[in-house]
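Chains as they are written, first to last, in full-length UniProt numbering: chain A, 1 to 241; chain B, 1 to 846. Have a look at the structure below before the remarks.
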Amino acid sequence: MEPILNIRNVSKTYQSGEHTLTVLDNITFSVEHGSTMSIVGPSGSGKTTLLGLCAGLDRASSGTVELENIRLDHLNEDQRAQIRNQYVGFIFQNFQLLPTLTALENVMVPMELRGEKNIKARAMDLLGRVGLAERSHHYPVQLSGGEQQRVSLARAFSNRPRILFADEPTGNLDAETSEKVIELIFEINKQAGTTLVLVTHDLELASKTRRIIRLKGGKLISDENTDVFQASAAGSFRKFN
Amino acid sequence: MKPNSSLHLSWLIRMAWRDSRRNRSRLLLFISSIILGIAALVAIYSLGDNMQQEIDNQAAELIGADLEISGNNRPTPKAQNLFASLGDRRSEERSFVSMALFPKTNGVRLVQVRALEGDFPYYGKLETQPATAHKTFRNARAALVDQSLMLQFGVKVGDSIKLGSLSFAIAGTLLKMPGQTGFSTSVSPPVYIPLHYLDQTGLSQKGSRITYRHYFKYDHKVNIEQVVKKLEPQLEAEGLNYDTIQSQKEDTSRAFKDLADFLALVGFIALLLGCVGVASAIHIYVREKVAAIAILRCLGTSALQAILIYLIQIIGIGLLGSLVGALLGSIIQRFLPTVFQDFLPISLTTQISWSAIGQGIALGLIISVLFALSPLISIRKISPLHTLRLSFEHHSLQKDVLKWMVYGLILLFVIGFTYLQLKNWAETFFFTAGLLTSFLILTAIAVILIWMVRRFFPVSWSYLWRQGLANLQRPNNQTTILLVSIGLGTAFICTLFLVQGILLNRVQLSASGNQPNFVLFDIQPKQKEKVEQLTHSFGLPVLQSVPIVNMRLEAVNGVTDAQLLKDTTLDLPRRIFIREYRVTFRDSLISSEKIVGGKWAGTSKSATIPISLEQNFARRNKIKIGDTMTFNVQGALISTIVGSLREVDWNRIQTNFLVVFPKGVLEEAPQFHVLLTRVQSPQASARFQQAMVRQFPNVSIIDLGLVLNILDEILDKIGFVIRFMAGFSIFTGLVVLIASVLISKYQRMQESVLLRTLGASRKQILVITALEYFFLGALAAATGIVLSLAASWALAHYTFETTFTPQLLPIFVVFIVVCCLTVIIGLTNSRSVFIKPPLEVLRQET
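Below is the structure:
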């Protein structure tokens, strides 16, 4: 199957005075269309940085990032923004809804950015699918954490993304709410046939994806399918906690 | 890959509207800083527009005729022939200052006698009480007397006034005359008499300083400008000046445009001050919007689109602020005629000026966008990575070329706007440089203060003092903007007080001690000794007695006015030929002058007459030692050579002269004498004036005490006008202060609530807040006062050429008022932090 995301020899370093801090060191992997993948690792291992690079939120210090066969490292920030709008959906740990927009308007923004017409019905449909049709005119501040993340989920799918990046999507939610949100993410993802890349500490959540890559100290230390991974899960995952 | 160009403006506007939802009141607060500046400018522009319109409408009434020809010498037969050929109707007026005596009360006062013949004014009228008096006085031995003079001496219509040796019945009270302003008649109020009685008064003698005016009215259509163009050579040859409706219109327009432009600059400072407040507020606003902008960037918004969303908000709110400012300005301008009427020779209307409103709105929009641009362009640097975590990258100001370009644009705008008001590059440069320096000094002081608080933090102080002080350097502090706005406002108002003080002090000093306070002039040569005797008989000293000869300049180094007109390469200012010179002659220097170049010659021994010039007069007119000057004394030409230059102390009440002749030249020329004395009490003054007027009716007396009172009144009114305009700056400073306090309130809310949660009492939070604003207010006021002291000293030293002794009381009052206002506003706007329970505050602010 054709890969949607190709990461080759990617490194990310930051200069702090005279010291160079290497956050990601020579990472290579690819993600196939329609697959699901988790990036796991301990705090400071470079998970979020890698997600940012994959999604075109940042530029690698070296190496190449290709999304839908487009080399992101050749594009400027505005061009990458357009790529994100065309191909990418996001779910964040802290929801990242625009506080001055209603739930409905938040969902509509990516479609409006694409210049699409008659978007209200689709936005309402998406809100209905996450169970928030009744709360469409509420502002983020009037919604609970779980509701906000559901709005974020509806927004993430509003531009029919090819790939969905989720950064600790349940990190700010209680167990019960987390479960409902996870169910929704996988259900809508499956319906839409979207590729899913998620960064998480939640082993149970990670195990729901078909593939898990593990980072440690900025290096990729394993890349396994979950059927293999799940067999040794109990032992390996204890290392992160 | 091309960026998405299909995004319509409508979406950007919609996003801007949506994004502003929870911030509209705050945005309004930011923009309120420019409302007063716009209001000031719209009010002044409206005043200017209405003034221009009224000058256009009333120009004919300002001059009262189609053409006015004037001179200081009795017209020659040639000139009289010329006058006879002009106009369909003619009037003649001779005016001069003289003493008037009111027999009813024995009161005497210097007045301006206007002896009139003919039907002048042909446009407008002499407004009198009774209304017919302006006609009846012309055919009888009657006078029209200025209203203020009648009130001062308690005389009524029907009483008499004595001018020289002739008494006139007062036919009416003069309420208004063409071209009159409130102040122009303060020192010598006008008295109209019929011209054919002038000779009988005995005041029209050879050597008297009389202005001869001839008014002409055409009953048929004539191009006056063409007529005077043809007459110009003849008029110049006769030493006559002219005025037409058009020239009067231009002169008046220019004079009052200068006033309006100056006041517009004062308003502009208020606007700039407000803009600094706007820029600072937008800076914080954008900083708070980083998360939202990062989300938008994450979802695919381009940098330009993100900037545009917030720029549209600024344009919208700038437009609203400008509209409110324009409305306020249009309301304020309705009250301006009351403030300005004493300065204006025309009656003002208060029509709405759409062009002024348009200018104000355009200016408000441009300036709010310009000042908001600097923080707005930072948006393009906001990375979508902020959605995941705060960026590691910091962009230093030095590297952002675009920001420096915006600063350059702001500077260009300030220079451009100032030039439009001043039309003079040197003045524009000084104004902009002065403004920039003040801003830089205040900013530097704020930066130094923040650094010092960090570097030398007084760890031994009590917690409350330490916390109050530490607030000055907290992240997102408002120290710089508050110091600049309050400091500049304080500097402005304080300078006004100090300059007013300098001017009054200067006059008061001159009139104190043994300085002369009475000037007697128009003393004829044969009266000189008797006037001196009379002065001595009252026990009064003759402090100075000097002869004065009137003359005009005919040529400098052989170059005449006519040659100067033809040859534009000649480097000589033309004004040197236009003015009349009042010259004295003596054999020695007086105490207020000293020789700074050449050699003083007290007597003329050779054929060429060595004269002495005042050094600044020589410098201004590019005349050097050794240059020749030919003077015309009543038709007789006298050739002189510049022998010496004098430095003259003009601050002393003395008869100082630009040109001094040696003895032995002008003794036989037509002349009058001036005598200076000092009278101690008002009673002695009244007795002395009465005796002098009775015995020497042609001698005029200037009572400097009276002049001082009038000057005081004039300065008070000018001061009020300037304070009125400066008030906009002060209030803008206060609005910026309120806005800054409210903005910083959101930032400090968290900390105060935490302190409350940790057990700090309301009183402790109140003390910390009060101390912080006291530090700010005190430092801003002190800096502003130091700036104003420096500016006042410079004005005193270089412009008024006097010593500067600062008045401590107004400075102290300004300091206390600014400190108290800052603390009160700071506490009032932060009250929700310490009055309400922490949880309630937190809930409200989320």
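Quick reminder that beta carbons are idealized off the backbone N, C-alpha and C, glycines included.
Go ahead and label B:His-386 buried or exposed: buried means 16 or more other beta carbons lie within 10 angstroms of its beta carbon, across all protein chains shown.
Within the second sequence, residue 386 of chain B is the residue found at index 386, counting from 1. By the neighbour-count rule (16 or more Cβ atoms within 10 Å), B:His-386 is buried.
Examine the Cβ distances between the region 44 to 51 of chain B and the region 190 to 201 of chain B and report whether three or more of them are shorter than 8 Å.
Contact fails: fewer than three Cβ-Cβ distances are below 8 Å.
Please report whether the beta-carbon of B:Ser-302 lies at a distance below 7 Å from any beta-carbon of chain A.
Against the second sequence, residue 302 of chain B aligns to sequence position 302. It does; some Cβ of chain A falls within 7 Å.
Thinking C-beta only, is A:Val-31 closer than 7 Å to A:Leu-5?
What you label residue 5 of chain A is simply residue 5 of the first sequence in a count that begins at 1. What you label residue 31 of chain A is simply residue 31 of the first sequence in a count that begins at 1. Taking 7 Å as the Cβ cut-off, A:Leu-5 and A:Val-31 qualify as a contacting pair.
Which same chain residues, not among the five before or five after B:Asn-621, have their C-beta less than 6 Å away from its C-beta?
Here the question's residue 621 of chain B lines up with position 621 in the second sequence. The answer, listed in chain order, is Pro-573 and Ile-576.
Give the interface partners of B:Arg-254 over in chain A, defined as CB-CB distance under 9 Å, in chain order.
As a first step, residue 254 of chain B is located in the second sequence; it is residue number 254 there, counting from the start. Under the 9 Å cutoff, chain A gives no residues; its nearest Cβ is about 53 Å from B:Arg-254.
Where does A:Thr-13 fall in DSSP's three states?
As a first step, residue 13 of chain A must be located in the first sequence, where it is residue number 13. DSSP places A:Thr-13 in strand when its eight states are reduced to three.
With a threshold of 7 Å between beta-carbons, can A:Asp-202 be considered close to chain B, or not?
Locating residue 202 of chain A in the first sequence gives position 202, where the first residue counts as 1. For A:Asp-202, the answer is no, since every Cβ of chain B falls outside 7 Å of its Cβ.
How would you call B:Leu-440, buried or exposed, if buried means at least 16 neighbouring beta carbons within 10 angstroms?
In the second sequence, counting from the first residue as 1, residue 440 of chain B sits at position 440. Its Cβ having fewer than 16 others within 10 Å, B:Leu-440 is exposed.
Compare the C-beta of B:Leu-370 with all C-beta atoms of chain A and state if any pair is closer than 7 Å.
As a working note, residue 370 of chain B is residue 370 in the second sequence. No, B:Leu-370 does not count as interfacial toward chain A.
Quick check: B:Leu-174 and B:Leu-144, are their CB atoms within less than 7 Å of each other?
Locating residue 174 of chain B in the second sequence gives position 174, where the first residue counts as 1. Locating residue 144 of chain B in the second sequence gives position 144, where the first residue counts as 1. In contact: B:Leu-174 and B:Leu-144 (Cβ atoms closer than 7 Å).
Tell me whether the region 148 to 166 of chain A and the region 117 to 129 of chain A touch, counting them as touching only if at least three CB pairs, one residue from each stretch, are closer than 8 Å.
Segments in contact, yes.
Could you give the first and the last residue of the continuous beta strand (DSSP E) run that contains A:Asp-167?
Locating residue 167 of chain A in the first sequence gives position 167, counting from the first residue. It spans 163 to 167 - the beta strand (DSSP E) in which A:Asp-167 sits, taken as one unbroken run.
Which residues in the same chain as B:Ser-396 place their Cβ atom closer than 6 Å to its Cβ, once the five residues preceding and following it in sequence are excluded?
Here residue 396 of chain B is taken as the residue at index 396 of the second sequence, counted from 1. Any reading at B:Ser-396 needs caution, since the residue's pLDDT is 48, under 50, leaving its predicted position unreliable; the model's value is listed next. None.
Starting from B:Phe-672, trace the beta strand (DSSP E) both ways and give me its first and last residue.
Your numbering for residue 672 of chain B matches position 672 in the second sequence. Its beta strand (DSSP E) spans residues 672 to 677.
Which residue spans inside the region 176 to 237 of chain A form an unbroken alpha helix (DSSP H) run of at least 4?
The region 176 to 237 of chain A contains these whole alpha helix (DSSP H) runs: 203 to 206, 226 to 231 and 233 to 237.
Hey, how far is the Cα of A:Ser-144 from the Cα of A:Ile-27?
Position 144 of the first sequence holds residue 144 of chain A. Position 27 of the first sequence holds residue 27 of chain A. Between A:Ser-144 and A:Ile-27, the C-alpha separation is close to 38 Å.
Within the 7 Å Cβ cut-off, does A:Val-109 reach chain B?
Residue 109 of chain A sits at position 109 when you count from the first residue of the first sequence. Yes - at least one Cβ of chain B is within 7 Å of the one on A:Val-109.
Taking Cβ to Cβ, would you say B:Val-648 is nearer than 7 Å to B:Ile-625?
Within the second sequence, the letter at position 648 stands for residue 648 of chain B. Within the second sequence, the letter at position 625 stands for residue 625 of chain B. Their beta carbons are not under 7 Å apart, which means B:Val-648 does not touch B:Ile-625 by this criterion.
Quick one: is B:Gly-154 buried, meaning 16 or more other Cβ sit within 10 Å of its Cβ, or exposed?
The residue given as residue 154 of chain B occupies position 154 in the second sequence. B:Gly-154 comes out exposed.
Going along chain B in order, which residues have a C-beta closer than 9 Å to the C-beta of A:Ala-206?
In the first sequence, residue 206 of chain A corresponds to position 206, counting from 1. Those within 9 Å of A:Ala-206 in chain B number zero; the least Cβ separation is about 18 Å.
Note the first and the last residue of the continuous alpha helix (DSSP H) segment covering B:Ile-824.
In the second sequence, residue 824 of chain B corresponds to position 824, counting from 1. Note, B:Ile-824: alpha helix (DSSP H), 808 to 829.
If you run the structure through DSSP and keep just helix, strand and coil, what is B:Lys-156?
To locate residue 156 of chain B, count along the second sequence from 1; it is residue 156. Coil at B:Lys-156, not helix or strand.
Are B:Ile-38 and B:Gly-239 close, meaning C-beta to C-beta below 7 Å?
One-based indexing of the second sequence puts residue 38 of chain B at position 38. One-based indexing of the second sequence puts residue 239 of chain B at position 239. Not closer than 7 Å, so no.
Can you tell me which of the three DSSP states B:Asn-50 falls into?
Counting from one through the second sequence, the residue named residue 50 of chain B turns up at place 50. Helix.
Which chain A residues sit within Cβ distance under 8 Å of B:Ala-292?
Residue 292 of chain B sits at position 292 when you count from the first residue of the second sequence. Simply Leu-98, Pro-99 and Thr-100.
Starting from B:Glu-647, trace the beta strand (DSSP E) in both directions and tell me its first and last residue.
As a first step, residue 647 of chain B is located in the second sequence; it is residue number 647 there, counting from the start. Note, B:Glu-647: beta strand (DSSP E), 636 to 648.
Can you tell me the Cα-Cα spacing of A:Asp-174 and A:Val-181, whole angstroms?
Taking the first sequence and counting its residues from 1, the one referred to as residue 174 of chain A is at position 174. Taking the first sequence and counting its residues from 1, the one referred to as residue 181 of chain A is at position 181. Taking the straight line from one Cα to the other gives about 10 Å.
Using 7 Å as the threshold, is the C-beta distance between B:Ser-46 and B:Ala-326 below it?
Working through the second sequence from its first residue, we reach residue 46 of chain B at position 46. Working through the second sequence from its first residue, we reach residue 326 of chain B at position 326. Against a cut-off of 7 Å, the Cβ pair of B:Ala-326 and B:Ser-46 comes out as no contact.
Roughly how many angstroms lie between the CA atoms of B:Phe-120 and B:Pro-130, to the nearest whole one?
Here residue 120 of chain B corresponds to residue number 120 of the second sequence, with the count starting at 1. Here residue 130 of chain B corresponds to residue number 130 of the second sequence, with the count starting at 1. Cα-Cα distance, rounded: 18 Å.
Tell me which residues share the same chain as A:Thr-177 and place their Cβ nearer than 6 Å to its Cβ, disregarding the 5 neighbours each side in the sequence.
On the first sequence, residue 177 of chain A is found 177 positions in, with the first residue counted as 1. Closer than 6 Å at the Cβ level, and outside the excluded window around A:Thr-177, lie Gly-146.
Can you check whether the CB of A:Val-65 is closer than 7 Å to the CB of A:Asn-72?
Your numbering for residue 72 of chain A matches position 72 in the first sequence. Your numbering for residue 65 of chain A matches position 65 in the first sequence. The displayed chain sequence assigns Leu, not Asn, to residue 72 of chain A. Contact: yes.
On a Cα-Cα basis, can you pick out the residue from B:Leu-116, B:Ala-171 and B:Ala-100 that is closest to B:Ser-165?
Residue numbering aside, residue 165 of chain B sits at position 165 when the second sequence is read from its first letter. Ranking B:Leu-116, B:Ala-171 and B:Ala-100 by Cα distance to B:Ser-165 puts B:Ala-100 first.
With DSSP as the reference, label B:Asp-243 as helix, strand or coil.
On the second sequence, residue 243 of chain B is found 243 positions in, with the first residue counted as 1. Residue state, collapsed to three classes: strand.
Along chain B, which residues have their Cβ under 9 Å away from the Cβ of A:Glu-112?
Here residue 112 of chain A refers to the residue found at position 112 of the first sequence. Going along chain B in sequence order, the residues near A:Glu-112 (Cβ under 9 Å) are Leu-7, Trp-11, Arg-14 and Met-15.
For the beta strand (DSSP E) that B:Asn-550 lies in, which residues bound it at each end?
Numbered from 1 along the second sequence, position 550 holds the residue referred to as residue 550 of chain B. Unbroken beta strand (DSSP E) run through B:Asn-550: 544 to 556.
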